[in-house]
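Asks: One structure, as structure tokens, below. Some questions next.
Protein chains in written order, with our numbering: chain A, 28 to 381; chain B, 28 to 381.
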């Protein structure tokens, strides 16, 4: 049996060098591989908002660095630097509303500030930078644990379907749902992946297909509207998706299109697995209706990558996420174990594990 | 009450002038309005295959002209011209496989040839051209009858959802499903239309949004993956689609994405109406599994209008249609009446009407 610790991310969507982070510009992929340097909280917030980077876990790591940069040069935690940190926290928290990992990372970092304060640190910035590094390192391990739990649910030679990008480009490690696919492939469990292109941002076409190709995993790109036909006419063994926030009752917000996909899976009797780190579970959000759904610019729907498709003056809607109710989720795969099916009681039990 | 005969098509996707037809180039819309002149069977077949024109009823009209052009200049029906007509019929029949209106129109035209032959015509070409004109004129009336039947199913102030383009650009008249919407709007029954963009060809974004804008009907463009979320979070009163072929048992083939949309409508308790002329019903096809589904080029999925989205070497699937089973269709709206719900017995009964 292969060793999961040998499964590493060769994509590197986030690199920290000295006092800056470099984000692989996901808007330019797959055509161009270029990095964007960000060395201030504002630059990081802007990169998150404009989707230079995306993916709930990766947004969390980025926000941790953005927060740390507000303390740049600071030794002691004086009033001035604490003010800058509080301001950075607000700025970063306002960058995108749905993925809870962002808020989790900011909370972890501000908690770190408070304890450094209490300990009368003289190395505030260095300690915060180290804390952001730790958040990122931890995500790598979290990914591996999810991959091991998730792959156990799949049988040999499976054909699976996935939406958006949930791989190395969405995390600091091998990914969430796509991490499961990578590990399952090593175990001989993946024959073929159907990737939904995921309009409007085309993360499936641009990012998932790119990652799968690099990994040598056989894949077919389909448009979002083809999912039902493929489920009916081919054997699909499982649908695997990520999540941006899981409410206390197990309802899961994820990329727009996921909710519809879960209904189609149900109609065809296909298991529907949501793969997300335990930091994505937000016990403070009671149910799916309480998750804020980001509404992005109409232009992103009226155009494809700057190419105008619809007539001038046309109007559009652009909800960027939707909510899949717990009843349509066969199992939630977390780093702490599989919650099958997700419910308030089972989620609480899994989250209480270390 | 407005008079439905005042509802005319101002779009003109097909114009016959002398010995040629001019097709509005639907690949160039909405950015460019230009016509492509076709004066031979091969040119018409090519325009159908490359989707310069599309829409099942319009393809039928185009094929009728393409067939007639094979007889250009002929007075008597001699062996040479009959050979050219038979060759044209084969060529046109091979242009696209799913829409049955194409085969219906060719059958009607070859039947006309046989009767002209029997009558020892001396005006073969002129008579065939007149027959193609009649097929086209008849489609205009057929559209109006469907619109009247369909609008009667809708209530005041409805918000409806539609996929692909089923309007004046898909027919010789006001359209099928979109013809219903246009007429219902005149009757005060349409508040808002959600149009699915309909990847990969984007007929919803490019064609339906253009038509709705010209008609002054409020519309919002959504990506195909947004349908379920909009159904859950907004009030949708009905889904209206066209069909490319309806089998004897009521199963309906239509643009890829329609089957999934029908499952989502069912899950949300929304009526799902298929609007198609009686010539779309093919009693020779027993059920949906017997309808040939066209598989088009992978490139059309890997690209958006020539813009490469996915990495070089990526593979895709491209089924251009899917089949909605009769059990998911609330009613089939034809020019001869409403079949609610569609079944073999009810379809036969409606088709036997004049």
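Note that beta-carbon positions come from the ideal geometry of N, C-alpha and C, so glycine has one too.
Note that the structure is predicted; figures quoted are calculated from it, not measured.
Taking 9 Å as the threshold (beta carbon to beta carbon), is residue 123/A in contact with chain D?
Replies: The chain inventory of the structure shown lacks chain D, comprising the protein chains A and B.
Asks: On the three-pair Cβ rule with 8 Å, is the stretch 309 to 324 of chain A touching the stretch 214 to 233 of chain B?
Replies: The stretch 309 to 324 of chain A is not in contact with the stretch 214 to 233 of chain B.
Asks: Let me check understanding here. Comparing Cα to Cα, which of 234/A, 41/A, 304/A, 197/A lies closest to residue 405/A?
Replies: This structure cannot speak to residue 405/A, because chain A is shown only from 28 to 381.
Asks: What's the C-alpha gap between residue 47/A and residue 114/A?
Replies: Taking the straight line joining both Cα atoms gives about 19 Å.
Asks: Taking only three categories from DSSP, how would you classify residue 270/B?
Replies: Residue 270/B falls in the coil class under three-state DSSP.
Asks: Using a Cβ-Cβ cut-off of less than 9 Å, list which residues of the stretch 236 to 259 of chain A approach chain B; keep chain order.
Replies: Result list: 236, 237, 239, 240, 241, 245, 246, 247, 248, 249, 250, 251, 252, 253, 254, 255, 256, 257, 258, 259.
Asks: Can you look up residue 379/B in the DSSP assignment and give me helix, strand or coil?
Replies: Three-state DSSP puts residue 379/B in coil, outside helix and strand.
Asks: Please state whether the Cβ-Cβ distance between residue 234/A and residue 194/A is less than 9 Å.
Replies: Contact flag set, yes.
Asks: Of all the options 124/A, 380/A, 79/A, 370/A, which has the alpha carbon lying nearest to the alpha carbon of residue 362/A?
Replies: Considering only alpha carbons, the answer is 380/A.
Asks: From this set, 97/B, 159/B, 341/B, 332/B, which residue's C-alpha is nearest residue 227/B's C-alpha?
Replies: Nearest option by C-alpha distance: 332/B.
Asks: Assuming the contact rule is C-beta atoms closer than 8 Å, residue 176/A and residue 308/A should be a hit. Round their C-beta distance to whole Å, please.
Replies: Contact flag wrong, Cβ pair sits at about 14 Å.
Asks: Compare the C-beta of residue 365/A with all C-beta atoms of chain B and state if any pair is closer than 9 Å.
Replies: Closer than 9 Å: no.
Asks: Can you check whether the CB of residue 223/B is closer than 9 Å to the CB of residue 174/B?
Replies: No, the pair does not count as a contact, with Cβ atoms beyond the cut-off.
Asks: Pop quiz: residue 300/B and residue 351/B are said to be a contact at Cβ under 8 Å. What is the actual Cβ separation, rounded to whole angstroms?
Replies: The pair is not a contact, with the Cβ atoms about 11 Å apart (cut-off 8 Å).
Asks: Leaving out five residues before and five after residue 155/B in sequence, what residues of the same chain have Cβ atoms less than 6 Å from its Cβ?
Replies: Around residue 155/B: 95, 98.
Asks: I'd like the ranges of any beta strand (DSSP E) spanning at least 3 consecutive residues and lying wholly in the stretch 55 to 91 of chain A.
Replies: With a minimum length of 3 residues, the continuous beta strand (DSSP E) runs that stay inside the stretch 55 to 91 of chain A are 62 to 65.
Asks: For residue 188/A, list the residues DSSP reports as bridge partners.
Replies: The partner list for residue 188/A (beta bridge, DSSP) reads 221/A, 266/A.
Asks: What does DSSP give as the partner residue(s) for residue 351/B in the beta ladder?
Replies: Looking at the DSSP assignment, residue 351/B forms a beta bridge with 279/B.
Asks: Under DSSP, the beta strand (DSSP E) around residue 47/B begins and ends at which residues?
Replies: Run containing residue 47/B: 47 to 51, per the beta strand (DSSP E) assignment.
Asks: Going by CA-CA distance only, name the one from 40/B, 54/B, 169/B, 39/B that's closest to residue 327/B.
Replies: It is 54/B.
Asks: Let me confirm a value: residue 136/B is counted as buried when at least 16 other C-beta atoms fall within 10 Å, else exposed. Which label applies?
Replies: Classification of residue 136/B: buried, given that the 10 Å Cβ count is 16 or more.
Asks: Let me know the beta strand (DSSP E) ranges lying completely inside the stretch 283 to 312 of chain B, each 3 residues or longer, listed in chain order.
Replies: Listed in chain order, the complete beta strand (DSSP E) runs (minimum 3 residues) inside the stretch 283 to 312 of chain B are 299 to 302.
Asks: Using only CA atoms, which one of 378/B, 377/B, 368/B lies nearest to residue 180/B?
Replies: The candidate whose alpha carbon is nearest that of residue 180/B is 368/B.
Asks: Would the stretch 57 to 66 of chain A count as touching the stretch 123 to 130 of chain A if we require 3 or more Cβ pairs under 8 Å?
Replies: Result no; under three Cβ-Cβ pairs closer than 8 Å.
Asks: Which word fits residue 183/A, buried or exposed, when buried means at least 16 other C-beta atoms lie within 10 angstroms of its C-beta?
Replies: Residue 183/A comes out exposed.
Asks: Using a Cβ-Cβ distance under 9 Å, would residue 207/B count as near chain A?
Replies: No, no contact with chain A.
Asks: Compare the C-beta of residue 291/B with all C-beta atoms of chain A and state if any pair is closer than 9 Å.
Replies: With 9 Å as the cut-off, residue 291/B counts as an interface residue toward chain A.
Asks: Please list the terminal residues of the continuous alpha helix (DSSP H) segment that includes residue 146/B.
Replies: That residue, residue 146/B, is in no alpha helix (DSSP H); it is neither H nor E in DSSP.
Asks: Taking its Cβ as the centre, do 16 or more other Cβ atoms sit within 10 Å of residue 139/B, making it buried, or is it exposed?
Replies: It is buried - the Cβ of residue 139/B has at least 16 other Cβ atoms within 10 Å.
Asks: Looking at the secondary structure, which residues open and close the alpha helix (DSSP H) in which residue 177/A lies?
Replies: Run containing residue 177/A: 151 to 178, per the alpha helix (DSSP H) assignment.
Asks: List, from N- to C-terminal side, the alpha helix (DSSP H) runs of 4 residues or more that fit wholly inside the stretch 98 to 147 of chain B.
Replies: Those alpha helix (DSSP H) runs which fall completely within the stretch 98 to 147 of chain B and span 4+ residues are 106 to 120, 127 to 145.
Asks: For a test of the three-state rule: what should DSSP assign to residue 242/A, helix, strand or coil?
Replies: Helix at residue 242/A.
Asks: Return the CA-CA distance between residue 192/B and residue 315/A, expressed in angstroms with no decimal places.
Replies: Rounded to whole angstroms, residue 192/B to residue 315/A spans 34 Å at the Cα level.
Asks: At 4 residues or longer, and completely inside the stretch 322 to 370 of chain A: list those alpha helix (DSSP H) runs for me, N to C.
Replies: Here the runs fully enclosed are 326 to 329.
Asks: Near residue 263/B, which residues of its chain fall below 6 Å by C-beta distance, leaving aside the five closest residues on each side in sequence?
Replies: Closer than 6 Å at the Cβ level, and outside the excluded window around residue 263/B, lie 186, 188, 297.
Asks: Taking residue 275/B as the reference, give the member of 284/B, 77/B, 353/B with the closest Cα.
Replies: For residue 275/B, the nearest C-alpha among the options comes from 353/B.
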